[in-house]
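S.K.:
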Amino acid sequence: MASAAAASPSLSLNPTSHFQHQTSLVTWLKPPPSSALFRRKTLPFFERHSLPISASSSSSSSSTSLSVHEKPISNSVHFHGNLIESFENQDSSYAGTIKGARLIEELENPVERNGLSGRRRLFMQDPPWISALFLKGLSKMVDQTLKIERKDIDKRKFDSLRRRQVKEETEAWERMVDEYRDLEKEMCEKNLAPNLPYVKHMFLGWFQPLKDVIEREQKLQKNKSKKVRAAYAPHIELLPADKMAVIVMHKMMGLVMSGHEDGCIQVVQAAVSIGIAIEQEVRIHNFLKRTRKNNAGDSQEELKEKQLLRKRVNSLIRRKRIIDALKVVKSEGTKPWGRATQAKLGSRLLELLIEAAYVQPPLTQSGDSIPEFRPAFRHRFKTVTKYPGSKLVRRYGVIECDSLLLAGLDKSAKHMLIPYVPMLVPPKRWKGYDKGGYLFLPSYIMRTHGSKKQQDALKDISHKTAHRVFEALDTLGNTKWRVNRNILDVVERLWADGGNIAGLVNREDVPIPEKPSSEDPEELQSWKWSARKANKINRERHSLRCDVELKLSVARKMKDEEGFYYPHNLDFRGRAYPMHPHLNHLSSDLCRGTLEFAEGRPLGKSGLHWLKIHLANLYAGGVEKLSHDARLAFVENHLDDIMDSAENPIHGKRWWLKAEDPFQCLAACVILTQALKSPSPYSVISHLPIHQDGSCNGLQHYAALGRDSFEAAAVNLVAGEKPADVYSEISRRVHEIMKKDSSKDPESNPTAALAKILITQVDRKLVKQTVMTSVYGVTYVGAREQIKRRLEEKGVITDERMLFAAACYSAKVTLAALGEIFEAARAIMSWLGDCAKIIASDNHPVRWITPLGLPVVQPYCRSERHLIRTSLQVLALQREGNTVKPICLFLCFH
Numbered sequence: 001m002a003s004a005a006a007a008s009p010s011l012s013l014n015p016t017s018h019f020q021h022q023t024s025l026v027t028w029l030k031p032p033p034s035s036a037l038f039r040r041k042t043l044p045f046f047e048r049h050s051l052p053i054s055a056s057s058s059s060s061s062s063s064t065s066l067s068v069h070e071k072p073i074s075n076s077v078h079f080h081g082n083l084i085e086s087f088e089n090q091d092s093s094y095a096g097t098i099k100g101a102r103l104i105e106e107l108e109n110p111v112e113r114n115g116l117s118g119r120r121r122l123f124m125q126d127p128p129w130i131s132a133l134f135l136k137g138l139s140k141m142v143d144q145t146l147k148i149e150r151k152d153i154d155k156r157k158f159d160s161l162r163r164r165q166v167k168e169e170t171e172a173w174e175r176m177v178d179e180y181r182d183l184e185k186e187m188c189e190k191n192l193a194p195n196l197p198y199v200k201h202m203f204l205g206w207f208q209p210l211k212d213v214i215e216r217e218q219k220l221q222k223n224k225s226k227k228v229r230a231a232y233a234p235h236i237e238l239l240p241a242d243k244m245a246v247i248v249m250h251k252m253m254g255l256v257m258s259g260h261e262d263g264c265i266q267v268v269q270a271a272v273s274i275g276i277a278i279e280q281e282v283r284i285h286n287f288l289k290r291t292r293k294n295n296a297g298d299s300q301e302e303l304k305e306k307q308l309l310r311k312r313v314n315s316l317i318r319r320k321r322i323i324d325a326l327k328v329v330k331s332e333g334t335k336p337w338g339r340a341t342q343a344k345l346g347s348r349l350l351e352l353l354i355e356a357a358y359v360q361p362p363l364t365q366s367g368d369s370i371p372e373f374r375p376a377f378r379h380r381f382k383t384v385t386k387y388p389g390s391k392l393v394r395r396y397g398v399i400e401c402d403s404l405l406l407a408g409l410d411k412s413a414k415h416m417l418i419p420y421v422p423m424l425v426p427p428k429r430w431k432g433y434d435k436g437g438y439l440f441l442p443s444y445i446m447r448t449h450g451s452k453k454q455q456d457a458l459k460d461i462s463h464k465t466a467h468r469v470f471e472a473l474d475t476l477g478n479t480k481w482r483v484n485r486n487i488l489d490v491v492e493r494l495w496a497d498g499g500n501i502a503g504l505v506n507r508e509d510v511p512i513p514e515k516p517s518s519e520d521p522e523e524l525q526s527w528k529w530s531a532r533k534a535n536k537i538n539r540e541r542h543s544l545r546c547d548v549e550l551k552l553s554v555a556r557k558m559k560d561e562e563g564f565y566y567p568h569n570l571d572f573r574g575r576a577y578p579m580h581p582h583l584n585h586l587s588s589d590l591c592r593g594t595l596e597f598a599e600g601r602p603l604g605k606s607g608l609h610w611l612k613i614h615l616a617n618l619y620a621g622g623v624e625k626l627s628h629d630a631r632l633a634f635v636e637n638h639l640d641d642i643m644d645s646a647e648n649p650i651h652g653k654r655w656w657l658k659a660e661d662p663f664q665c666l667a668a669c670v671i672l673t674q675a676l677k678s679p680s681p682y683s684v685i686s687h688l689p690i691h692q693d694g695s696c697n698g699l700q701h702y703a704a705l706g707r708d709s710f711e712a713a714a715v716n717l718v719a720g721e722k723p724a725d726v727y728s729e730i731s732r733r734v735h736e737i738m739k740k741d742s743s744k745d746p747e748s749n750p751t752a753a754l755a756k757i758l759i760t761q762v763d764r765k766l767v768k769q770t771v772m773t774s775v776y777g778v779t780y781v782g783a784r785e786q787i788k789r790r791l792e793e794k795g796v797i798t799d800e801r802m803l804f805a806a807a808c809y810s811a812k813v814t815l816a817a818l819g820e821i822f823e824a825a826r827a828i829m830s831w832l833g834d835c836a837k838i839i840a841s842d843n844h845p846v847r848w849i850t851p852l853g854l855p856v857v858q859p860y861c862r863s864e865r866h867l868i869r870t871s872l873q874v875l876a877l878q879r880e881g882n883t884v885k886p887i888c889l890f891l892c893f894h
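Its first residue numbered 1, the sequence shown is counted upward by one per residue in UniProt numbering.
1) Here's the rule I'm using: 16 or more other beta-carbon atoms within 10 Å means buried, otherwise exposed. How should residue 223 be labelled?
2) When you compare only the Cα positions, how much space is there between residue 446 and residue 585?
3) Taking its Cβ as the centre, do 16 or more other Cβ atoms sit within 10 Å of residue 470, making it buried, or is it exposed?
4) Just how far apart, CA to CA, sit residue 747 and residue 741?
5) Which ranges would you report for the beta strand (DSSP E) in the stretch 501-575 if only whole runs of at least 3 residues count?
6) Less than 8 angstroms between the CB atoms is what I'm expecting for residue 271 and residue 343, so what's the real figure, rounded?
7) If I follow the unbroken beta strand (DSSP E) through residue 857, where does it start and stop?
8) Assign residue 814 to one of two classes, buried (16 or more other C-beta atoms within 10 Å of its C-beta) or exposed (fewer than that).
9) If the criterion is Cβ atoms closer than 9 angstroms, does the pair residue 559 and residue 582 meet it?
10) Quick one: which unbroken beta strand (DSSP E) runs of 3-plus residues sit fully inside the stretch 588-648? Chain order, please.
11) How long is the line joining the alpha carbons of residue 751 and residue 812, rounded to whole angstroms?
12) Compute the Euclidean distance between the alpha carbons of residue 686 and residue 591, then round it to the nearest angstrom.
13) Specify, as a first and last residue, the run of the beta strand (DSSP E) that residue 764 falls within.
14) Would you kindly work out how many angstroms separate the C-alpha atoms of residue 350 and residue 179, rounded to a whole number?
15) By how many angstroms is the C-alpha of residue 536 removed from the C-alpha of residue 567?
16) Rounded to whole angstroms, what's the CA-CA distance from residue 557 to residue 664? Just pull it up for me.
17) On a CA-only basis, which of 735, 745 and 264 is nearest residue 765? Give me that one, please.
18) If contact is defined by three or more beta carbon pairs under 8 angstroms, each pair taking one atom from either stretch, is the stretch 698-705 in contact with the stretch 664-682?
19) Quick check: the stretch 636-648 against the stretch 591-611, are at least 3 beta-carbon pairs closer than 8 angstroms?
20) According to DSSP, is residue 723 helix, strand or coil?
21) Quick one: residues in its chain with C-beta nearer than 7 angstroms to the C-beta of residue 173, no 5 flanking neighbours on either side, listed in chain order?
22) For residue 354 and residue 377, which I take to be in contact (beta-carbon distance under 8 angstroms), what is that distance rounded to the nearest angstrom?
23) Look up residue 263 in the DSSP assignment and say whether it is helix, strand or coil.
24) Can you find the residues in the same chain that come closer than 7 angstroms, C-beta to C-beta, to residue 345, ignoring five residues on each side of it along the sequence?
25) Within a Cβ cutoff of 6 angstroms, which residues of the same chain sit near residue 402, ignoring the five residues on either side of it in sequence?
26) At which residues does the beta strand (DSSP E) containing residue 491 begin and terminate?
27) Just to confirm the assignment, what range does the beta strand (DSSP E) spanning residue 401 have?
28) Would you say the stretch 788-804 touches the stretch 840-851, given that touching needs at least three Cβ pairs under 8 angstroms?
29) Once DSSP output is grouped into helix, strand and coil, what is the label at residue 652?
30) Note down the Cα distance separating residue 286 from residue 462, rounded to an integer number of angstroms.
31) Measure how close the beta-carbons of residue 577 and residue 571 come, nearest whole angstrom, since I'm counting them as under 8 angstroms.
32) Which whole-angstrom value is the C-beta distance of residue 420 and residue 579, which I expect to be below 8 angstroms?
33) Which residues mark the beginning and the end of the beta strand (DSSP E) in which residue 430 is found?
34) Report the rounded CA-to-CA distance for residue 874 versus residue 865, giving the unit in angstroms.
35) Can you find the residues in the same chain that come closer than 6 angstroms, C-beta to C-beta, to residue 876, ignoring five residues on each side of it along the sequence?
36) From 467, 443, 622 and 656, pick the residue whose C-alpha is nearest to that of residue 487; which is it?
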């Protein structure tokens, strides 16, 4: 996408693109080495704050630059004296303390450390944890010591935003704990319970009982001997009980709201999610705790820990294990817990939540009934079949939510704590596997999904090798966004009126049909199918309502901000995605329409031209397949509708609602109307992103690899007056095959009956997802499930068995049609697949390095089940095995 002022996409790898921020230089005036005054002012500051650092050699220079602008620049600044030679800017990352750094220095320079020739050279890398006190002190010191030139930024404003960001990442759970305490107090004093929102009232009722049972568990485990203590005992004591209670409640309800249609969450998923959240908070909690201790001086306990660390390091040095000694110093206190530990702790906390959380059904109108309380959650086992009629079953444990609990959730997202929200300041620049992104929250450059081989490959790459990958992510992360308030207001009004318009889900459930009084088997069977379908629709609506509420919750939170940023990371193919999952520019039409660039640009002649084409593309309905001139003519012919949509979107003619992407279309109508009504249309400032989409990018790569002119034309690699549509071409071929099959004898050809039913259902949408994913190695089973979902949406086939059979047949025909039209692409895929089989036969994963320097390791190993016994049930954790699957997905050409 690009600014409306641009004629081409601006999400390029060029770091000088239009939305990259200007930077400013800081000039260091080097004082003489004998400056005692400088040493007295500088060294106590660092010793007092015990700055964490990690070791690396770095050369020095007398002049440097330090960015205090919104886009940080990596440079070194020198301080004279024996303690520190250089440090990086305030986005730097630390792994120990200054005192711990002496150990590193002794390891790296054991001979020269006593003389001037052995001058210490310590280099601070990007920190996973940043002290707010340190940021304040560093900012003050930089202002006093350095001559700073700033452009387009107010220092006080930036510092204020940065402090808010640090608090957002480090104090969120603490604020929730304080809020519940205050609510409890006010409820007792002022009887505020009837006025509390549904979820707040529910959480408040759970908070104290859950806190009490966690405290009880902490005391119980603490008093046990080491031989009989539970495996999770050392970890359940690491946070206060009230904070743990808040984390468990919010993480559990967050899982319920994130797409689980039937209100059931797998135990292993819930346990691990809670365990991960606890571990992350423990790290932040311990870091802030250490910072406070360091400010007050080292305690006796801390001194003992350092003595033990020194003994351990000295022992390794005597055995000449220098690299191991360095690792000990750098990683002390940062060893990850692992999935087994996270699952065991999470399972026990889940068990305590089940014990403490209750819901109360509404009382009868008479008021003489005894209040009923029932558990909000219950643990049970669920059995599912692989497909209708299959004997293959799977049984797993789930946490099931009470129906009363689910009933009010889709209106309560604004009261949930949403992690990884957009940042108020630019993200840390990427410099390695886990160095970049959010200031405090764990951030990784790639979503490896537990693939250790991929993680190791990423950890081994140097900044020099993958600097273009890092720069691309930094460019995306430094793009400043804001909420389009006009569109958000329209969304809020439509949502308040019940939704069911402009792609918004209906806020009301469909009625469940009543059971017939007749005992007729056919009538009962029909009722069962109808009731099952209605329940399924209601579960889906509930899930979609929760999703909309989560998106709107973030939009409401950010709408008054001048701008915000999305840290990005990659999937294993090298595709970049925002780390925030709900409201982002790669999400639904609702999200894209609600977001715009914070920094506007004058439209210009080219921008106005592309704005009109963009509007036609968003309206779609076949318009996007016309030539550019025809699309421009379409917009000119609908100017009255466009202006009416912009000026009266709710009560006007509502032309924008006919668009395929209505909210984005409305946003384009608004800016186009402003431009056309302005005396100087080209000077109107636009914040609107202009989207440029490829035509089935995967097939484009294969067509280029095969040098196939026919396939290239089908996916628009060859210039043409109007765009080709590969999905329509495939659907036409599928229709031809089904038409031929439908004329066959049903008795000798079972597919004939299915073909007759499906021949009217075949369209572009039915085959699109399967065609798109075919180049990424979609299997027959995957294609079947994709097509089954499309057939369900059409609602023509209601019988489950018939639906399954129709999906099987359609998948076979679609893949066959794809192979006929893209014969060269299929041949290349087969050849690459054969290569993958040969590589896998030697038990090696398929791996390569992209032209930009990104290492790719295909994460296809046969998983191994690792059974762990928890207090709730035996959990089966999947972990990467040693045997490689011969699967090959080569779509990573970045």
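Note that the Cβ used here is the ideal one computed from N, Cα and C, for glycine as well.
As the structure is a prediction and not an experimental result, all values here were calculated from the model.
M.R.: Put simply:
1) exposed
2) 19 angstroms
3) buried
4) Cα to Cα, residue 747 sits roughly 12 angstroms from residue 741.
5) 568-570
6) 5 angstroms
7) 855-857
8) Classification of residue 814: buried, given that the 10 Å Cβ count is 16 or more.
9) No; because the gap between Cβ atoms is not below 9 angstroms, this pair is not in contact.
10) 595-597
11) 11 angstroms
12) In a straight line, the C-alpha of residue 686 is about 18 angstroms away from that of residue 591.
13) Unbroken run through residue 764 is the alpha helix (DSSP H), 764-774; no beta strand (DSSP E).
14) When rounded, the separation of the alpha-carbon atoms in residue 350 and residue 179 is 22 angstroms.
15) 36 angstroms
16) 21 angstroms
17) 735
18) no
19) no
20) coil
21) 243, 246, 247 and 281
22) For residue 354 against residue 377, the beta-carbon gap comes to about 5 angstroms, under 8 angstroms, which counts as contact.
23) coil
24) 232, 235, 236, 275 and 278
25) 359 and 376
26) First-last for residue 491: 485-496, but that is the alpha helix (DSSP H), not the beta strand (DSSP E).
27) 393-401
28) no
29) If DSSP states are grouped into helix, strand and coil, residue 652 belongs with coil.
30) 30 angstroms
31) 7 angstroms
32) 6 angstroms
33) Residue 430 -> beta strand (DSSP E) spans 428-432.
34) 12 angstroms
35) 865 and 867
36) 656
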